[in-house]
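Sequential numbering of the sequence shown, starting at 1, is according to full-length UniProt numbering.
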Amino acid sequence: MANYSEQNIDSLDPRNNIIIKGARVHNLKNLSVALPRNKFIVITGLSGSGKSSLAFDTLYAEGQRMYVESLSSYARQFLGRMDKPDVDYIKGISPAIAIEQKVSIKNNRSTVGTNTEIYDYLKLLFARIGKTISPVSGNVVQKDTVTDVVDFIFSLENEARVMVLAPLQLTLERPLAKELDLLLQKGYSRIFANGQVYFIEELLQNVPDLGNEVYILIDRAVIYKEDEDLQFRIADSVQTAFFEGHGECRVMHGDDVRVFSDKFELDGIVFEEPTVNFFSFNNPYGACQTCEGFGSVLGIDPDLVIPDKSLTVYEGAIAPWRSDKMNEWLQPLIKNGIRFDFPIHRPYNELSPEEQELLWTGNKYFEGLNDFFKHIQSQSHKIQYRVMQSRYRGRTTCPECRGSRLRKDAGYVKINDKSITDLVLLPITEVLRFFEGIQLTEHERNVAERLSLEVTNRLGYLVRVGLGYLTLNRLSNTLSGGESQRINLATSLGSALVGSMYILDEPSIGLHPKDAEQLIGVLRSLQQIGNTVIVVEHEEEMMKAADQLIDIGPEAGSGGGNLMFQGSYDEMLASSDTYTGQYLSGRMELAVPAQRRKWRNCIEIVGARENNLKNLIVKFPLEVMTVVTGVSGSGKSTLVKKILFPAMQKLHGATSEATGKHDKLQGDYAKIEHVEFVDQNPIGKSSRSNPVTYVKAYDAIRTLFADQPLAKARGFKPSHFSFNIEGGRCEVCQGEGQVKIEMQFMADIYLTCDSCHGQRFKQDVLDIKFDDKNISEVLDMTIADSLEFFAGQQKILERLKPLNDVGLGYIRLGQSSNTLSGGEAQRVKLASFLTKGATQHNKNILFIFDEPSTGLHFHDISKLLTSMNALIENGNTVVIIEHNMDIVKSADWLIDLGPEGGTNGGHLLFEGTPEDMAKLDGNDTARFLKEKL
C-alpha cells in the first residue's frame, strides 16, 4: 500500500510520474499520490469517496489550465480567471483529454456519423473521388475540358484532317440570314451543314434551307504531332467552339464525329457536380426536399391503421374501416376476396408481405388503403374527415431518401458501386469491410489516402468498443447512455494522440461483461502507443486489467478523500483496509437472496417488433424484481423504454412518445395504477435545483430556521431562507453562490461570488443559527452528517433518510443538481419515492430503472437493492435494465435478449429465475452469472 511522505514524493522524477502533492479539492484530505506515466491506472472507491475530485477536478482541471496558460495573451484575456485546483503542486502533467458521462444529445439532426466525424470525411471523399452514374444508362457522367479535346485530336494518326465545329443555335426570333450575317461580322467565314462546307458570303446572296443541324466551322487543320504552335492554335479553337456552341464542341475527321460537352450531363439529364454541401443533410442544398433532411415525414402510420395484428381482416384488423359508414370500403374485399385467393380469415401477422401490401394498393376488385386515404384527404374541408385523418397520421420513414435524409441524386454518386446513402444505412461492421476492400486508381488513391485512413480508423474503433451493429444514420438521441459514452470514446480514439493523459469516467457503463473485455483491449492499445490512461471505475474486469489500482476512501463524503491503497490487483486482494479489497477477495459480498419471490400475475407483451426485436412474446411479472439483460444492442432498451413504458403510460391516459411496434399488451396490466420511469436525466433544469429541494426536505429546514427567536425578532419568514426568491438571498449572485463568466468560444466558467463569498445569503440571514450553524453551513453538510445534526427533527429526517439509504450520504444538501452524475440523479429520484409520505399512499406502481448501478461501488449496490426491495414490499413492481451481475443475481425474474447486438440480436434467449439461467450452456450472461451464484 502506498503512503507518501513529504520527502519521498518530492524526490520522485516528474519525467516518469505525474506527481500530485497536497490535493484538497472537495473532500480530498491533503492527498499526495504519484501516477506512473504511460500506464493503465484504475481509480476506485465508494461512490462519493473523491475519485472524480482527484481525476477530473484536480488532474484534468490542471491539465486544461496549463494548456490555457500556454496560449497567447490575447486568447488568455478571455480565459484568465480560471480557478487553479486547491493543491500544493502537480508536476509532470501531460495534456489532458476527458471523456465524461454526458447525457446524450437531444438534437434531431445529430447522427452516429456526424457525432464521430466519420460523416464529414465521407462527404469529402465522395465529393473528391465519387463518380456520378446515370440512373438511365448506368454510364459515368463526366464533362470534357479543352485539354480532353486537344488530347483526343492529337491522339489521331499523323497527317489526319480534322474540323472543329460548334453547333449554331437557331431561334425563331432570328432568321438564318440574320444569323449568318452576324457570324460574318464576328469574323467567321464558313459553316458546315448537310455534310458539306459552305462559304457564308456565297450563302447570303441566296439562302437555301439547310435543315436544323448547322455548324460553325471554327477551324480545320492537318495534324502534325510535333508542331507545338498547332497545339496552341487548336486549343484556342476548341475554347472558342465551347463558347459559340454553348458548351458543345464537335471534332470531325473523315466520316467520324466525336461530340464533347463541358456541361455535366448524360442521357438528356443535367446532373449536379458533387461538392461537400451536396452530401450534407444539414444544408438546404443537400437535404432531401421531401423530409427536409429529417429522414421521416408525417404520413399515414401503418401501425395506427392496423393496431392489433392478431386480428383477421374479417374481424376488423383495419381500424378505419370498422365504422358503419366506412365499412363500405371493406365489403368489396370481403365479398371478392375469394376471386383473387385472399385469406380474409387469416390473422394479419400471418399474411405474406405481398398480401399485406395488397391491402394498401388494392386491385380491380377493391380499392386499397392508399385510395381510401386519398379520398379522406380530398374531403378534408369537412371536419370529421380532418379528425379521422389526424387519428392515423404518424412519423414514417421518408420514401424519397429511404431515411438517409439526402437529396435523391446524391445517391447517383458512387465509389466502387456504393453511394453514400448505401453506406450510412449499412451496419458499421459492413462499412468497415467495404473500406478495407476498396479498389481505387492511383490518382484516386493519392486523393483519398488520408481520408480513407481516418474513416477506417474511426470505424475500427467503433467496432472495437462494441458498436459495430449501429448504422452511421442512427440518431444520436435514440442511443442508450452506454452507447453514447462509447461513441465519445471512439471519437477521441479516432484522433489518438501520443504522450497525453486520457481520463475516462466509467466507460463500462451499459456494457455487458462480454463487451467489457473488448473495451479493455481498446484502452490498452491507447496506453501502448504512449499515453497515460486513467479510468474512474467500479467494474471488476477493468480492475483486473489495470497496471495499477488506486483506492480512495475509506468512506464517502466527509469520511473519504484519503489514499487508502495503491498497487497491483493481487496486492489489492490481500488488502483488508478497504471495502474494494474485501469485496474483490470475497471476504465481504452481496448475498444471493435466500429465496426468489413467487408471482401470480404478469404483464405480457405480444409480438414486439420494434428496431431489431424478432416478434417476441415476453412476460413481466408483478410485485417482484425483474431484470432485463443481454449484450449491448440486443434490444433491452427497445423492449422496455420503447414498448413497455409508453404502452403502459397510454393506458393511464398519459401521452408520451410513440409506442414501439407490437401487437398487444395482455395479462393483468390493469392492476398497475401508475408508471414511473427512473432514468439518468438531470433532476432539475436549473443550477439552483438540488437534492434537498427535490425530496422536499428544504421546506421543513426553512421553517425550522424561521422559528428561531432571532429570526422571529427580525420578522423573517421561511421564504427569507430560500435562494430562489428575493428577500434573504444575496442579490449579486442571485442565491447561486457563484457568478457565471461567459467564455464565448469556450466553456463558461463559474467563480465564487465576491459579495457573499459563496454563502448564497445576506449577512443578516446568516446571523440566524440553529445548533450553532447558519443556513449556508447546513447546505454545505453531507446528507450523512445532516442526519446526526437534525436528530430529533422528525419531519426533516423522514425526507433526508432515504437519500442516505440509496447510498447518497456523501452528497451535500445544497449541491447543485447539474454537478450530479447520471447515476446519482437516478438515485435521488428513487429516494423521493421512498420518502414516507410517498410510499404510504402509493401502491401498484410500475417502476422502471435504466442501469441504476451506474457509478456504484459494490458496497453501495447493497444499499440500492435494499431500497428497491422496500418498493416491492410496499406492493410495487420493479423492472431494471442492467448488466451488473450483483443486481442480476438478486433478481426474482430474468429476461435475457441476444445472442448478439444489432441485426443478430432481438431474440428472447431466456426468461426465468437466475438459478435456471446459470444452467444454460453457450449463453454469455449465464457464463458470468455462474461465477456470482
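Backbone N, C-alpha and C fix where the C-beta goes; we use that ideal spot for every residue, glycine too. These numbers come from a predicted model, not from an experiment.
Name the DSSP bridge partner or partners of residue i?
{"i": "Q566", "result": "I550"}
{"i": "D771", "result": "D771 pairs with nothing; no bridge assigned."}
{"i": "I97", "result": "Y502"}
{"i": "I269", "result": "L266"}
{"i": "Q734", "result": "For Q734, which the question treats as bridged, DSSP gives no partner whatsoever."}
{"i": "I603", "result": "F620, G667"}
{"i": "A287", "result": "L406"}
{"i": "F40", "result": "V533"}
Measure from the alpha carbon of residue i to the alpha carbon of each residue in the options, then state which is nearest.
{"i": "P427", "options": "A918, G901, A317, T913", "result": "G901"}
{"i": "Q518", "options": "L440, A490, V498", "result": "A490"}
{"i": "F620", "options": "G607, Y224, N611, L644", "result": "L644"}
{"i": "M543", "options": "L526, S585, N488", "result": "S585"}
{"i": "T835", "options": "L800, F260, E179", "result": "L800"}
{"i": "R109", "options": "G295, A831, R596, A166", "result": "G295"}
{"i": "V424", "options": "E673, S280, T290, N923", "result": "S280"}
{"i": "Q389", "options": "K178, P399, N370", "result": "N370"}
{"i": "Y461", "options": "F677, E436, V522", "result": "V522"}
{"i": "P307", "options": "Y314, P646, V313, A319", "result": "A319"}
{"i": "V150", "options": "P343, V141, V162, K29", "result": "V162"}
{"i": "I269", "options": "Y412, L172, N38, V42", "result": "Y412"}
{"i": "Y698", "options": "K795, F565, K863, N477", "result": "K795"}
{"i": "G737", "options": "S816, H652, V214, T290", "result": "S816"}
{"i": "Y188", "options": "V112, D227, E244, E228", "result": "E244"}
{"i": "I90", "options": "S853, A34, L894, F435", "result": "A34"}
{"i": "P274", "options": "L182, F126, F372", "result": "F126"}
Once DSSP output is grouped into helix, strand and coil, what is the label at residue i?
{"i": "L451", "result": "helix"}
{"i": "Q815", "result": "coil"}
{"i": "S576", "result": "coil"}
{"i": "I848", "result": "strand"}
{"i": "F620", "result": "strand"}
{"i": "M588", "result": "coil"}
{"i": "E517", "result": "helix"}
{"i": "I672", "result": "coil"}
{"i": "S261", "result": "strand"}
{"i": "D896", "result": "strand"}
{"i": "P274", "result": "coil"}
{"i": "S492", "result": "helix"}
{"i": "A870", "result": "helix"}
{"i": "A166", "result": "strand"}
{"i": "H720", "result": "helix"}
{"i": "V305", "result": "helix"}
{"i": "residue 936", "result": "Absent from the model: residue 936. The displayed extent of the chain is 1 to 933, so no value can be given."}
{"i": "S689", "result": "coil"}
{"i": "L526", "result": "helix"}
{"i": "A654", "result": "coil"}
Since residue i is in the alpha helix (DSSP H), which residue starts that stretch and which ends it?
{"i": "H757", "result": "No alpha helix (DSSP H) contains H757, which DSSP labels as neither H nor E."}
{"i": "W360", "result": "353-361"}
{"i": "M648", "result": "645-651"}
{"i": "W329", "result": "327-336"}
{"i": "F789", "result": "783-789"}
{"i": "A700", "result": "698-706"}
{"i": "P709", "result": "709-713"}
{"i": "G316", "result": "Here G316 belongs to no alpha helix (DSSP H), and DSSP marks it neither H nor E."}
{"i": "A825", "result": "822-834"}
{"i": "N194", "result": "Unbroken run through N194: none, as it is neither H nor E."}
{"i": "F232", "result": "228-244"}
{"i": "K801", "result": "794-805"}
Could you give the first and the last residue of the continuous beta strand (DSSP E) run that contains residue i?
{"i": "A34", "result": "31-36"}
{"i": "T752", "result": "749-752"}
{"i": "T877", "result": "877-881"}
{"i": "D219", "result": "214-222"}
{"i": "K664", "result": "664-667"}
{"i": "A55", "result": "No beta strand (DSSP E) holds A55; DSSP gives it neither H nor E."}
Would you check whether the ligand SAH has a heavy atom nearer than 8 Å to the C-beta of residue i?
{"i": "K671", "result": "Of the ligands one can find in the structure shown there are none, so the ligand SAH has no counterpart to examine."}
Exercise. Fully enclosed by the region 391-427, which beta strand (DSSP E) runs are 3 residues long or longer?
Worked result: 393-397, 413-415
Exercise. Which runs of the alpha helix (DSSP H) spanning at least 4 residues fall entirely within the region 139-166, listed in chain order?
Worked result: 146-153
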